[in-house]
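Worksheet for the structure shown next.
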Amino acid sequence: FSDWISLDASIIQNELKFTGISLSDKTSTKKFVDLFYKINPVVNLTPKYAPINAKAILSYTFENFDDFNLNQQKYLEAPLKKDTIFNTTQELGIAFLNNKKVVILQTYDSENIIKYISENTNETNTYQGNDIQKLTSDNLLNIFQPLLSNFTTKYATVLENAILFSEDLESLQNTISSFKNEATFEKSATYLSAKNSTADESNILLIQTSDGINDFLKNEFKSNSYKNISGLDFANQTLIFQLVADNGFYHTSAILKKLGTKSESNITAPLFTVRLDNDIATQAQFVKNHLTNKKEIVVQDIDNILYLISTDGKVLWKKQLNGRIKSAISQVDLYKNGRLQLAFITDSQFLILDRNGEIVKPFELSFKDDVINSLSVFDYDSNRDYRFLITQGSKIHMYNNKGEIVSGFKFTNDGKKIIKAPQHFRINKKDYIVFGEETGTIRVLSRVGSDRIKVKDKIIFSTNDIYHYKNKFTTTDEKGILNQVDENGVISKNNLNLGKDHGIYATSNTLATMSENTLTIKGKKVDLELGVYTKPIIFYVDNKIYVSVTDIQNQKIYLFDSNAEAIQNFPVYGSSLIDLGDIDNDKKIELVAKDLENSVIVYRIN
């Protein structure tokens, strides 16, 4: 690194600090610091572009690239050759993301670099309004050796005044999305803690998060040195290294510091994106991992491959299915031992898989004749004695935990096609199974399948489900009128003046509606920008109600509280309905949605 280093140690509460100088006499073997000989530093801007979830950032700056280029050629003992493409570069930044790197170049004139990228591009895609170039050459940044090594240039984009390169598409998408959501490294607790201990301008700036410190020490320290410190706990710490060139010597500091400043509140940041083999076919949803009590993601692509994706974005397994999954996947505990399985239907099958993606016998049931319409999973008394209701045309099949037909369920098939999936509601200690038929009849059954309530009036059903709201069975008709059935079978109507393609969602006490571009929550209206909106969905997470809608035309996800107040930093980018939950039990909420046609994105809401 240098010929010698002299540092003073300063030990104070929550901080271990080494400051001093490094020297190179320039007559012996070339040292790394010689790369910055007589190179004035500039402000490090890498934290402004790196994602907030980066494990580390590393920044090299040079006021005059030609001077750096001269030092570099001497260091590499290469023939002197002036660079004409990157000679306006003033900063080379690296963001480290889960064993991947994103390189960030700052330049005062990007014209030659952008032209160079275009000449080495064979494909352009757009992501959140940014063009991403797929590159034909792996070594476009070789000019920055030895500052940048073991990096292949696969993709590039321009983000405001910076030019970004990555080895994989997902890392670049993560960086773009984080920047547009103002969820950058400069707002992280790590950077805010480090900022008070560093100079604004430096030739080298390295900031490691607590998650990245161990990796850095293992890779950069000699094995015997690392062995001596590998048992230390670096939780809630940041590691900082900085070097500033000054008249032939180099101000040098190394700091290990406890995090003292929380990141800015209410930041919504992309956690990860996962690209599937094919375009997405079903809504991505969270499912619980019974081994870790954390949540994972299940989603299916258009080739009917089902994916299970881990909490940190790794594909755990893929399973080829014979058909498209219909509606949501339910989780059940068939053996009452805490081990959870996935239950779902396709057009012709009812399947249950274990967490390894294997069939749970005998739940590989195939159905002939009519297409399967719906699967409803009931646990009447919360004792895991499940009832699986499958509708097929006008028929209902009910199965128990053993995959056997429940003999006590005596439903009278009246030949009318069932168009609303059966729902189980409990009102005043009575159980009701409720569904809609194509004739406009709401059927209300008891547990054993007999008609519990006779509803005489008909409803020309909208596309919305039937809900339990204010102790009544609630849905809407095609005219946007709210229809509610009481326990006597009497229908009351309330004209909500909803448009033809409206959507509703209800819990026992909360009703949300979406009509054209107006969202209503508990009677409070919010006018959104013009677009094509999904129906609203209500989530209850950590004792708080959230309501979400997605504008699929403009690819924006909105999130509100129960008072119709927008959650800060929304909308975010996405093009589907969402699922919401605390996936890693850290008291911070995550959401999952479709990103591109073949990828899902997970955001963290601080």
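The opening residue of the sequence shown carries number -17 in the numbering used here; numbering runs sequentially from there.
Beta carbons are placed, not taken as given, at the ideal position from N, Cα and C, and that holds for glycine.
Keep in mind that this is a model prediction, so the values were computed, not measured.
From D577 to K13, what does the alpha carbon distance come to, in whole angstroms? Straight through space, the alpha carbons of K13 and D577 are spaced by roughly 46 Å.
Same chain, Cβ closer than 7 Å to E105, five either side skipped, listed in chain order: K116
Residues that V529 bridges to, as DSSP identifies them: I520 and F542
Count the other CB atoms, across all protein chains shown, that sit within 10 Å of the CB of D561; report buried if there are 16 or more and exposed otherwise. Label assigned to D561: buried.
Close-in-space but distant-in-sequence residues of the same chain around R369 (CB under 6 Å, 5 per side omitted): Cβ neighbours of R369 beyond the five flanking positions: F360 and M380.
Skipping 5 residues on each side, what residues in its chain have a beta carbon closer than 8 Å to that of I96? Non-local beta-carbon contacts of I96 in its own chain, meaning distances under 8 Å to residues more than five positions away in sequence, involve V140 and I145 in chain order.
Can you grab the Cα-Cα spacing for the pair Q302 / S356, in whole Å? 21 Å
Output yes or no for whether 9 Å exceeds the beta carbon distance between I195 and Q219. For I195 and Q219, yes; Cβs fall inside 9 Å.
Spatially closest choice to N(-4) from S179, E73 and S205, by CA coordinates: S179
Name the residue from I435, A263, T458 and V85 whose alpha carbon lies nearest to the alpha carbon of Y487. T458
Endpoints, the alpha helix (DSSP H) within which K570 is located: Here K570 belongs to no alpha helix (DSSP H), and DSSP marks it neither H nor E.
Please tell me whether Y585 and L151 are closer than 9 Å, where the distance is taken between their beta carbons. no
Helix, strand or coil at N28 according to DSSP, with G and I counted as helix: Contrary to the premise, residue 28 reads as Thr rather than Asn in this sequence. Note: T28 maps to helix in three-state DSSP.
Distance between H233 and E572 (C-alpha atoms, nearest Å): 42 Å
On the three-state DSSP scale, how would you describe T492? coil
For I99, which three-state DSSP category applies? helix
Whole-angstrom C-beta distance between Q282 and I307, which should lie under 8 Å: Confirmed, about 5 Å.
Leaving aside the five residues before and after E469 along the sequence, list all residues of the same chain whose C-beta is less than 7 Å from its C-beta, in chain order. I409 and I435
Tell me whether D193 sits in a helix, a strand or coil according to DSSP, three-state version. helix
Apply the 10 Å Cβ neighbour rule to G242 and answer buried if 16 or more other Cβ atoms are within range, or exposed otherwise. exposed
How many angstroms separate the CA atom of D7 from the CA atom of D(-15)? 7 Å
Considering only their Cβ atoms, is the gap separating I442 from E419 smaller than 9 Å? no
For F326, which of helix, strand or coil comes out of DSSP? strand
Touching or not, the stretch 67 to 75 and the stretch 30 to 44, by the rule of three or more beta carbon pairs under 8 Å? yes
For P128, does the count of other Cβ atoms within 10 angstroms reach 16, so buried, or fall short, so exposed? exposed
Are F78 and L40 closer than 9 Å when you measure CB to CB? yes
Going by beta-carbon coordinates alone, are L221 and Y208 separated by less than 9 Å? no
Whole angstroms is fine: what's the gap from I448's alpha carbon to D182's? 59 Å
Using the rule of at least 16 other Cβ atoms within 10 Å of the residue's Cβ for burial, across every protein chain shown, is G556 buried or exposed? buried
Using the beta-carbon count (16 or more within 10 Å), is S(-12) buried or exposed? Using a 10 angstroms sphere on the CB of S(-12), the tally of other CB atoms stays under 16, which defines it as exposed.
I think D352 touches Q374, with their Cβ atoms under 8 Å apart; what is that distance to the nearest whole Å? Contact between D352 and Q374 holds, since their C-beta atoms are separated by about 5 Å, short of 8 Å.
Run the CB neighbour count on K239, radius 10 Å, all protein chains shown included, and call it buried at 16 or more, exposed below. Counting Cβ neighbours within 10 Å, K239 comes out buried, since at least 16 surround it.
Report yes if the C-beta distance between T191 and S205 is below 9 Å; otherwise report no. no
Runs of 3 residues minimum, wholly inside the stretch 64 to 135: which ones carry the beta strand (DSSP E) assignment? 71 to 79, 82 to 89, 103 to 109 and 112 to 117
Contact set for L510: own chain, Cβ-Cβ below 8 Å, skip 5 residues either direction: Shown here for L510: same chain residues with a beta carbon closer than 8 Å to its own, the five before and five after excluded, namely N499, T500, L501, V531, D533 and Y540 in chain order.
Would the stretch 83 to 97 and the stretch 24 to 37 be scored as touching if the rule is three or more Cβ pairs under 8 Å? yes
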